[in-house]
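In what follows, a single structure is set out as structure tokens and then discussed.
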Amino acid sequence: MTKIFLWLFLTVLFIASPFFGAVSLDVNEVFQSTSLHSDIFYSLRLPRLFFGFFAGIILALSGLLFQTLFRNPLMTPYTLGISSGAVLGAGIAIKLGLIGVVFGLSLVSIFGFVGAILTVFLLLYLSQFLKSSHHESLLLLGIALSLFYTSLLMVVFYLGDTIQNDMLLRFTMGSLSIIGWQSPILFALISIVLVFSIYLYRYELELLNVSEETSKLKGLNTKKTTILLLVISSFSIGFLVSVSGPIGFIGLVVPHIVTKLYPTTLRNRIFKTAIFGGLFLVACDTVTRVIQTQSELPIGIITALIGGPFFIYLIISRSKGV
Amino acid sequence: MIEFSNFSCSFNNKYILKDIDLQIKDHIVILGSNGSGKSTMVKSVCNLVSYEGKILLDSKNLTEYEQKELAKKVVYIPTKLEIHDEFITVGEFVLLGRFPHKKSFFDYSKDDYEIVYKNLEFLNLTHLKNQPIKSLSSGEQQLIQIAQALTQQTKTIVFDEPTANLDPKNTLLISSHIKELKKSHNILVITHDLEFASSLNMDAVFVKNGSINLYKNNIDFKTLVQEYD
Chain A
28 MTKIFLWLFL TVLFIASPFF GAVSLDVNEV FQSTSLHSDI FYSLRLPRLF
78 FGFFAGIILA LSGLLFQTLF RNPLMTPYTL GISSGAVLGA GIAIKLGLIG
128 VVFGLSLVSI FGFVGAILTV FLLLYLSQFL KSSHHESLLL LGIALSLFYT
178 SLLMVVFYLG DTIQNDMLLR FTMGSLSIIG WQSPILFALI SIVLVFSIYL
228 YRYELELLNV SEETSKLKGL NTKKTTILLL VISSFSIGFL VSVSGPIGFI
278 GLVVPHIVTK LYPTTLRNRI FKTAIFGGLF LVACDTVTRV IQTQSELPIG
328 IITALIGGPF FIYLIISRSK GV
Chain B
81 MIEFSNFSCS FNNKYILKDI DLQIKDHIVI LGSNGSGKST MVKSVCNLVS
131 YEGKILLDSK NLTEYEQKEL AKKVVYIPTK LEIHDEFITV GEFVLLGRFP
181 HKKSFFDYSK DDYEIVYKNL EFLNLTHLKN QPIKSLSSGE QQLIQIAQAL
231 TQQTKTIVFD EPTANLDPKN TLLISSHIKE LKKSHNILVI THDLEFASSL
281 NMDAVFVKNG SINLYKNNID FKTLVQEYD
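First to last, the sequence lines map onto chains A and B.
So for the first sequence, our numbering puts the first residue at 28; every next one is plus one.
So for the second sequence, our numbering puts the first residue at 81; every next one is plus one.
Below is the structure:
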């Protein structure tokens, strides 16, 4: 019952979402092609709705993937410092005044993407020096990297002028605010690739979720599979964060809620996690637009407000449970 | 057949076994105290740990096996099942034994499921099929690991201290299952439970101070105790 209500609630919110915002849209006017409302609806609200949906899919699935590959519920691209890497990359681009566009992508985005990917490879490289069974150390490594990036970002802030700093500050808060259909289409494609790869490897992931030893004993090349899936998901996340800025905790919260709702083996939760992630992020985004301040509240703030306490809850319940 | 030649392995940069030569034709029980290296020795047959020297499995060097190919030949049953997945059921877990036989990216076939049901029935576990593994006792978990091993359809089954966490009743049960499996499989058992070892009627190898000592022909309990001291 709770399940049906929750899905229904999120779906209704999804449909209603584009009508909320700084300008409340009138349903009748939206369908008159010449009106201003129609323009806002089709070139701002709808693209944003789908961008949010696909961003949610990527964030939730990447979270699920990281948690499975490392068998640790606290692992996400966000907690491992991959998002912070993107922010630092973007920050450097903004500071250097690189505001051009290459292949339809802004230089800020490209730098953000490079920051995220470099962080993944740095983590993979450093993880060689850890004992393979000690994924907690990898988490600490990620946190240490995040802190290091934050201090570098402070240097960038210190050197920047007011306009640059304002741009950078807004980027670090995360936003789904976009114009036009380019981003939704790009991220729809990325989501499809991610969902499809995870579906292809559903049985491998099921094995990895049992234990590394079992995986090897059943003939799985654990290292190859782990690195392949990590790279695919990190590229998706890298692309996303470079456009939206960091949106934390979705990857942590959503897989956990879906697991609570559907306590079954991993392969039965892949699609549910994806769709729930999409709807959940749209719901969060709708909240940012309903709470009217001078301008709308950045999405990263809302997800962090939900995710922070949730993170603490997870840590406490874990140390109690095991 | 498994052949160790010039086999050495180390722990914390110290050799625990050095230059071992051993041929295992069918069944063997490996005895030795904790930390003697008996576990490492069999884990190396499944490519779980690194070693020096050479291991031949059916006359082919172990390093030439693909991990999947190896999983069709040997299965290793750890003392205690380590499992992170909280929700995986007995049926789903036993089905994982079909992984090495499954075509990549495809679902498990009807035959795979039938093999699972057959083995669950063989071990009287059918009633547990839909239970999460984590909710079961260590005796039941040991039996389920055996079901999974049988589902993997390998020639060789390795038991690593199968009775370490079991009460006397379950120990007897496991012992009788192993004796039954001797007819169809090659069985390697690691243990330091001497009574259990002598009940299995197998050749025995003692691992002691970095070397081994082989006893042929169903060593009796008394000799086992003497050797162990």
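The beta-carbon is built from N, C-alpha and C at its ideal position, and this holds for glycine as well.
What you are looking at is a predicted structure, and each value in this text was computed from that prediction instead of being measured.
Which whole-angstrom value is the C-beta distance of residue 280/A and residue 334/A, which I expect to be below 8 Å?
Indeed, because the Cβ distance is near 6 Å, the residues count as touching under 8 Å.
Could one say the Cβ of residue 238/A lies closer than 8 Å to chain B's Cβ atoms, at least one of them?
yes
According to DSSP, is residue 349/A part of a helix, a strand, or is it coil?
The predicted position of residue 349/A is uncertain, since its pLDDT is 44 and thus under 50; a value taken from the coordinates is nonetheless stated next. Coil at residue 349/A, not helix or strand.
Quick one: grab the DSSP three-state call for residue 188/B.
coil
Can the beta-carbon of residue 225/A be found closer than 8 Å to that of residue 92/A?
yes
Residues of its chain near residue 234/B, where Cβ-Cβ distance is below 8 Å and the 5 sequence neighbours each way are ignored:
151, 152, 153, 154, 155, 265
I need the straight-line Cα distance from residue 314/A to residue 120/A, nearest angstrom please.
31 Å
Pick out whichever of 122/B, 112/B, 217/B has its Cα sitting closest to the Cα of residue 83/B.
122/B
Output yes or no for whether 8 Å exceeds the beta carbon distance between residue 284/A and residue 303/A.
yes
Pick from 202/B, 287/B, 256/B: whose alpha carbon is nearest that of residue 270/B?
287/B
For residue 250/B and residue 244/B, what's the separation of their Cα atoms in angstroms?
11 Å
Between residue 139/B and the rest of its own chain, which residues show a CB-CB distance below 6 Å, the 5 nearest in sequence each way excluded?
Nothing meets the Cβ criterion.
When we look at the beta-carbon of residue 222/B and count the other beta-carbons within 10 Å, is it buried (16 or more) or exposed?
buried
With a CB to CB cut of under 7 Å and the five nearest residues on each side skipped, what residues in its chain are close to residue 70/A?
Hits under 7 Å: 206, 207.
Bridge partners for residue 292/B per DSSP, in chain order?
287/B
Inter-residue spacing [alpha-carbon to alpha-carbon] between residue 81/B and residue 106/B
7 Å
Which residues, taken in chain order from the segment 241-256 of chain A, show a beta carbon closer than 8 Å to some beta carbon of chain B?
241, 243, 244, 245, 246, 247, 248
Partner residues on chain B for residue 227/A, Cβ-Cβ distance less than 8 Å
185
Is residue 98/A close to chain B? Criterion is C-beta to C-beta, closer than 8 Å.
yes
For the segment 153-174 of chain B, which residues have a CB atom closer than 8 Å to at least one CB atom of chain A, in sequence order?
Along the segment 153-174 of chain B, the positions whose C-beta sits under 8 Å from a C-beta of chain A are 155, 156, 158, 162, 163, 164, 165, 166, 167, 168, 169, 172, 173, read in chain order.
Through-space distance from residue 273/A to residue 150/A, alpha-carbon basis:
A straight-line Cα-Cα distance of about 18 Å links residue 150/A and residue 273/A.
Residues bridged to residue 226/A [DSSP beta-bridge criterion]
Per DSSP, none; premise fails for residue 226/A.
Quick one: what's residue 87/B bridged to in DSSP?
100/B
Please identify the residue among 146/A, 310/A, 42/A whose C-alpha is closest to the C-alpha of residue 258/A.
146/A
Quick one: Cα of residue 230/B to Cα of residue 272/B, how far?
24 Å
If the cut is a Cβ gap below 8 Å, which residues of chain B does residue 179/A touch?
By Cβ distance, chain B contributes nothing, its closest Cβ being about 35 Å from residue 179/A, past 8 Å.
Applying a beta-carbon distance threshold of less than 8 Å, which residues of chain B neighbour residue 106/A?
Residues of chain B passing the Cβ test: none, with the nearest at roughly 18 Å.
Please report the straight-line C-alpha distance between residue 152/A and residue 88/A, rounded to a whole angstrom.
In a straight line, the C-alpha of residue 152/A is about 23 Å away from that of residue 88/A.
Work out the CA separation of residue 278/A and residue 124/A for me, nearest whole Å.
32 Å
Check whether the Cβ atoms of residue 166/A and residue 236/A lie closer than 8 Å to each other.
The answer is no: Cβ separation not under 8 Å.
When we look at the beta-carbon of residue 162/B and count the other beta-carbons within 10 Å, is it buried (16 or more) or exposed?
exposed
Of all the CB atoms in chain A, is at least one closer than 8 Å to the CB of residue 239/B?
No, because no Cβ of chain A sits closer than 8 Å to the Cβ of residue 239/B.
If you compare alpha carbons, which of 212/B, 158/B, 104/B, 127/B is closest to residue 173/B?
The shortest CA-to-CA distance from residue 173/B to any of 212/B, 158/B, 104/B, 127/B is the one to 212/B.
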